[in-house]
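Beneath this line is the structure, given in structure tokens, with notes to follow.
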Amino acid sequence: MVFCYNRSMKYFTWDEFKEIVGLTSTTEIGNVAFQVGDNHEDVIARRQTICDDLGIDLDHLILTHQSHSDRSYEVTSLDLGKSKDSFESGPDADALYTTERGIAIGCFHADCCPLLVYAPRVPLVCIIHAGYQGTLKHVTSKTIKTLKEKYSLKGEDFFVHIGPSRQFNSFKTTEEDKKKIFDAGCEKAYRFDGESGFFDTAFSNVNDLVGEGVPFKNITVSSIDTVDDDRCFSAHTPEKAYGRMITLIMLK
Numbered sequence: 150m151v152f153c154y155n156r157s158m159k160y161f162t163w164d165e166f167k168e169i170v171g172l173t174s175t176t177e178i179g180n181v182a183f184q185v186g187d188n189h190e191d192v193i194a195r196r197q198t199i200c201d202d203l204g205i206d207l208d209h210l211i212l213t214h215q216s217h218s219d220r221s222y223e224v225t226s227l228d229l230g231k232s233k234d235s236f237e238s239g240p241d242a243d244a245l246y247t248t249e250r251g252i253a254i255g256c257f258h259a260d261c262c263p264l265l266v267y268a269p270r271v272p273l274v275c276i277i278h279a280g281y282q283g284t285l286k287h288v289t290s291k292t293i294k295t296l297k298e299k300y301s302l303k304g305e306d307f308f309v310h311i312g313p314s315r316q317f318n319s320f321k322t323t324e325e326d327k328k329k330i331f332d333a334g335c336e337k338a339y340r341f342d343g344e345s346g347f348f349d350t351a352f353s354n355v356n357d358l359v360g361e362g363v364p365f366k367n368i369t370v371s372s373i374d375t376v377d378d379d380r381c382f383s384a385h386t387p388e389k390a391y392g393r394m395i396t397l398i399m400l401k
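Here is the structure:
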């Protein structure tokens, strides 16, 4: 599967499946989140640019009211317009899924892992916001389990890409972090180089996917590190801290 940098410089795009659109906005688009204190009208204008590129109305862009939870939410046409005017008006969940075409569902992130999920047999698309806290809560495995049960799917029915995020070498941990990681059962994603510990958030989510039966061959992971890549916002890089990207997915 392919996750490439779009020549327009505005997006990273997941281009493997012609039936869907999957993308991550970049710093060229700018901050697209109300909650980081940017000018409200500027944020709306940037979102409108994304919607224009997708060929949809702004009402059809549904974004999470995320809180590093393990909650998932089904988006339907009844949700059109949610998240349009405020962060709090979005669905209260860190994972969104839909079977309806023409609705783009997305999450905000800088360094957290965005997971784009496609199950062509339904078909459905899903977006998961899996940061450090959500990963330790296993938001990914819980969401996949929900979708498997609701739509009678097997792990092999899912294709997943983990988009740009903080790579393990940029995620140095403390002893308190180590305890939380091991207590959560995520120790396979903990690495020690002889001096410091590091946490591989993306790898931990891959482990959760595999645990739900998703084959390795159906999973790809971006190597883009949001901490040191100027195309990305990063909460851990002072000059890039005041912005968020959107990763979204949509059934055409």
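Residues in the sequence shown are numbered consecutively from 150, following the working numbering.
C-beta atoms are modelled at their ideal positions from N, C-alpha and C, and glycine is treated no differently.
Predicted, not measured: the structure shown is a model, and the values here were computed from it.
Can you list, in chain order, the residues of its chain whose CB lies under 8 Å from that of residue i, leaving out five sequence neighbours each side?
i      : result
ASP208 : LEU229, GLY230, LYS233
ALA390 : ALA259, PHE382, SER383, ALA384
THR175 : MET158, LYS159, TYR160, PHE161, ARG380, CYS381, MET394
Between which residues of its own chain and residue i is the CB-CB distance below 7 Å, once the five residues before and five after are set aside?
i      : result
ASN318 : PHE347
ARG393 : ASN180, VAL181, ALA182, VAL185, PHE257, HIS258, ALA259, PHE382
ARG250 : LEU400, LYS401
THR292 : SER221, ALA244, CYS275, ILE277
ALA333 : LEU285
When you compare each of the options to residue i by their alpha carbons, which one comes out closest?
i      : options                : result
ILE368 : GLY360, TYR339, VAL309 : VAL309
GLN426 : SER353, PRO240, GLY304 : In the structure as shown, the chain starts at 150 and stops at 401, and residue 426 therefore has no counterpart that could be examined.
GLU305 : THR225, LYS159, PRO364 : PRO364
Straight-line CA distance for residue i to residue j?
i      : j      : result
ARG220 : LEU227 : 19 Å
LEU302 : THR295 : 10 Å
CYS261 : GLU165 : 23 Å
GLU336 : LEU285 : 10 Å
ILE193 : PHE341 : 43 Å
TRP163 : ASP206 : 21 Å
THR213 : ILE254 : 8 Å
THR322 : ARG315 : 13 Å
ASP187 : VAL359 : 38 Å
LYS329 : GLY204 : 43 Å
LYS299 : VAL266 : 15 Å
PHE152 : THR386 : Any reading at PHE152 must be qualified, since the residue scores a pLDDT of 49, below 50, and its modelled position is unreliable; no value is offered.
PHE161 : ALA338 : 25 Å
GLY362 : VAL288 : 15 Å
VAL370 : SER235 : 31 Å
Within 10 Å of its beta-carbon, does residue i have 16 or more other beta-carbons around it, so buried, or fewer, so exposed?
i      : result
ALA384 : buried
GLY239 : buried
GLU388 : exposed
ARG270 : exposed
LYS159 : buried
PHE331 : exposed
ARG156 : Confidence at ARG156 is low in this model, with a pLDDT of 46, below 50, so the placement of that residue should be treated as unreliable; the coordinate-derived value is given next. So ARG156 counts as exposed.
Leaving out five residues on either side along the sequence, give the residues of the same chain with a beta carbon under 6 Å from the beta carbon of residue i.
i      : result
SER218 : ASP243
GLU237 : HIS214
Is the Cβ of residue i closer than 8 Å to any Cβ of chain C?
i      : result
LYS328 : The structure shown contains no chain C; it is built from a single protein chain.
Check for me: the alpha helix (DSSP H) holding residue i runs from which residue to which?
i      : result
GLU190 : 189 to 203
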